[in-house]
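Protein chains in written order, with this note's numbering: chain E, 1420 to 1884; chain Y, 206 to 303.
The beta carbon of each residue, even a glycine, is placed where N, CA and C say it ideally should be.
Quantities reported herein were computed from a predicted structural model and do not represent experimental measurements.
Accompanying notes for the structure given below.
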Amino acid sequence: MKRTTAQNEKDTGPRIENAPMSCSITSALRAPCCTILESISDGVFTIDLEKRVTSFNRAAEIITGFNSSEAIGQYCFDLFRANICEKRCAMDETLATGQPKVNLSALIISKSGILKPISISTAILKNEQNDIIGGVETFRDLSELEKLKRQLAERYTHEDIVGRHPRMKEILSFLPDIAESESAVLIEGPTGSGKELIARAIHHLSPRKEGPFIAVNCAALPETLLESELFGYTKGAFTGAMRDKPGRFFLADKGTLFLDEISSTSMTFQADLLRVLQDGEFTPLGGTRTLKADFRVITATNLQLKKLVEDGEFREDLYYRLNVVKIDLPALRERKDDIPILIEHFIRKFNILKDRSVQGVAPEVLSFLLGYPFPGNIRQLENIIEYAFITCKGDVIGMGHLPRDLIEAEEDRGPLLSANETEEAEKIQAILDQYPRNRPEAAKALGMSRTTLWRKMKKYGIMAP
Amino acid sequence: MKIAIPLFKKRVSPHFGSSSRILLLETKGTEICQETIWDLGGEGPIEIARRLVALGVEKLICGGIPSHYKDWLIRKGITVVDNQRGVAREIVRQLLRD
C-alpha cells in the first residue's frame, strides 16, 4: 500500500526512522501504520498549510472518483468540490481556530458529475514539536441515507430516478424545461414504472417547489368520495360532515396537484374537473361561495388516454387540457440495461433500512431477472429484492431466495410472453394495484372469475400487492 | 464566442452552483475582446443554467458540475468543458490557443 510521494515527504519533514512504510496517510500522520485508514469506508485526506493534499485514502478515491495520484499535491477544494469550499470551508475554520468541526453537512460533485451529500469532520495535524502542519478531513457518503430520507419525506428530485437507458436519460434531460413551464403534464406508463416519482421531481424542479405537492390516487376512492376529497365540503353538506373540510384543490394552492390513475374517473367527474381547470374556481360541496386556487396539474395513467378518448371513455376536451406536455415512461422490460443498476440501488436501500450488508445477486439470479418480463415493473423488482432480504441470510442473493411463485411461473411460462400476454399481465397488475386488498373486486374489474385471476397471476408470476 | 466561467476567487470554481461570481467573456479568434463579471444573488444551479442559456453563452468552463445540469446545457447547445482546475484566465487562454 505504498502511496507516498515527493510532495508529502517534503511537507511532512523527516520520517520516523525504522518505522514500517505503509500508505501515504501513515506518512502524513507520522503513525507507524495505518492499514485501518485504508480499509475504512469513510474518506480521509490530509492537507498541508497551503491546502494541498498530502494523502488520500481508498474510500476518498471511491467517494470523489479521483485516485490518489491525481489528488496528491492538488488543492483540496479542486478535488473535494464541495458546495461549502468557497464560503464556509470547514478546514479554514479549523486551521484558524484549532478547533475540530464534526459532522457538517455538504454536497460534493464527484469526478463523473454525481452530486453526493456527505458529512464532514475536520481536525488539525501537529508534528512532534506541537506545530500545526496541516489538517485532516474525514467524510462520509450519505447518498443512500439522504435518498431514503427524501423517499420518506416524499421529496424526490431527479437524482432519485435511477436509469441509464437512452429513453430515461432523454426524459430526465427534459425535466428542467418541463418543470419551468406552467403547462399541464400527462405521464403515461405501465404500473410501477415511476410516474409519481417523475411528477414529484417536476414539482421540486419547478418555481412552485416551495408550495405543496398534493397527490390523489383517483382509482383508490369511490366517485363521491373523490369529489369531496378534491372539492372539499362545508359543515352539514352531507351526513357525517361535522365541520368544514378544505379540498385538495384548495390545499394545492401555489403548488402542484398530482392526479394519479386519471383514466379511472367517471365522465361526470371529468366534466367537473374540466370546469375547475378552465376557471381555476370551484365550490366546496354544500357551499355557496366560490373559491379560487392557483395550482399546476400533473396527471398520470397506466392506460393510453388517447385510446380511451377514441373509445368514448374519456372526455376529449379534458384530454387536450391535460395533455399539453406528455411523458411516456417505458416498461422495465424495454429498459433491461437498467435492471442491474436498479438491483444495486434496491440492495443499497435495503442494506440501510434493514441494517444488512448484502453484496449483490448471484449470476444466475441476474440472468433470471434479465429474462423476466416484469409486468409490475420497477415496483415488482423492488418487491422481489425486499422479499429476498427476508429469505437470504448471507451476503449474496441466490435463486432459492427469490419468491417461489415467481420461479414456478417462469418454469410454467416457458421462455417468452407474447405481446398479448404481456399486455394482459400488465393489465392484471394495474388492476391489482387499484384493488390491493380486494381480489374479488379486481377479478370483477378484469371481467374474469377469481379462479381465472389466480391462475393468470400464477402464469405471469404476478405477486399480490 | 461567449464563454462563462464560474469563479472561486481567480480560479475556476470547483462546484457549479455554489459560486458567487461568474466570469463572462466574449472572444474573437484567440483574443478576449470583452469581459464582465456576473455577481450572483443566491440563484440555484438550475436558475444559473437557465440564465446562461438566456445570455447566449456558447461555452461553459467549469470544475465539477452535476451530470444532469451538464446534459441539459449540452442539449441547449452549450459546450461544457468540465473538470477544469486552475486560474480561470489561464485556462481560457490555453483553451483558445488549442
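Within the DSSP bridge table, the entry for W243 of chain Y names Y:I227 as partners. When secondary structure is reduced to three states using DSSP, N288 of chain Y falls in the coil class, being assigned neither helix nor strand. For D1774 of chain E, DSSP assigns no beta-bridge partner whatsoever.
In the DSSP assignment, A1501 of chain E is bridged to E:I1527. Within the stretch 1690 to 1764 of chain E, the complete beta strand (DSSP E) segments of 3 residues or longer fall at 1715 to 1720, 1744 to 1747, listed in chain order. For P1855 of chain E, there is no enclosing beta strand (DSSP E), as DSSP marks it with neither H nor E.
Proximity of the stretch 1579 to 1598 of chain E to the stretch 1479 to 1494 of chain E falls short of the contact definition, fewer than three beta-carbon pairs being nearer than 8 Å. The C-alpha of D1747 of chain E is placed about 39 Å away from the C-alpha of V217 of chain Y.
Under the 8 Å criterion on CB atoms, D244 of chain Y is classed as non-interfacial with respect to chain E.
Taken through DSSP and simplified to helix, strand or coil, P1626 of chain E comes out as coil.
With 16 or more other CB atoms across the displayed protein chains lying within 10 angstroms of its CB, L1724 of chain E is buried.
Taking 8 Å as the upper bound for CB-CB distance, G1795 of chain E and G1611 of chain E are in contact here, some 5 Å apart.
With its beta carbon at least 8 Å from every one in chain Y, E1629 of chain E lies outside the interface. Residues of chain Y with a Cβ closer than 7 Å to the Cβ of A1501 of chain E are, in chain order, H220.
Taking all protein chains in view, the Cβ of T1658 of chain E is surrounded by fewer than 16 other Cβ atoms within 10 Å, so the residue is classified as exposed. E:T1707 is the residue among E:K1878, E:T1707, E:L1624 whose C-alpha sits nearest the C-alpha of T1653 of chain E. Against chain Y, the beta carbon of C1504 of chain E has neighbours under 9 Å at F213, S218, P219, H220, S223, listed in chain order. Residues of chain Y with a Cβ closer than 8 Å to the Cβ of F1496 of chain E are, in chain order, F213, P219. Between the alpha carbons of T1473 of chain E and N1742 of chain E lies a distance of about 56 Å. The Cβ atoms of E1457 of chain E and N1476 of chain E sit closer than 8 Å to each other.
Scanning E:V1780, E:G1613, E:T1709, E:V1604 for the CA closest to the CA of F1650 of chain E turns up E:T1709. Annotation: G1705 of chain E to L278 of chain Y spans about 51 Å, alpha carbon to alpha carbon.
According to the DSSP secondary-structure assignment, L1676 of chain E is paired through a beta bridge with E:I1633, E:V1716. Of the residues Y:K214, Y:E231, Y:R298, Y:D287, the one whose Cα lies closest to the Cα of I1528 of chain E is Y:D287. Non-local beta-carbon contacts of N1721 of chain E in its own chain, meaning distances under 6 Å to residues more than five positions away in sequence, involve P1609, T1610, A1849 in chain order. Taking 7 Å as the Cβ-Cβ cut-off, the stretch 1693 to 1720 of chain E has no residue approaching chain Y.
By the rule that beta-carbons nearer than 8 Å mark a contact, I1758 of chain E does not touch chain Y. Counted as a single uninterrupted DSSP element, the stretch harbouring V262 of chain Y is not any alpha helix (DSSP H), since DSSP gives it neither H nor E. Against chain Y, a Cβ distance below 9 Å from E1599 of chain E picks out I251, R255.
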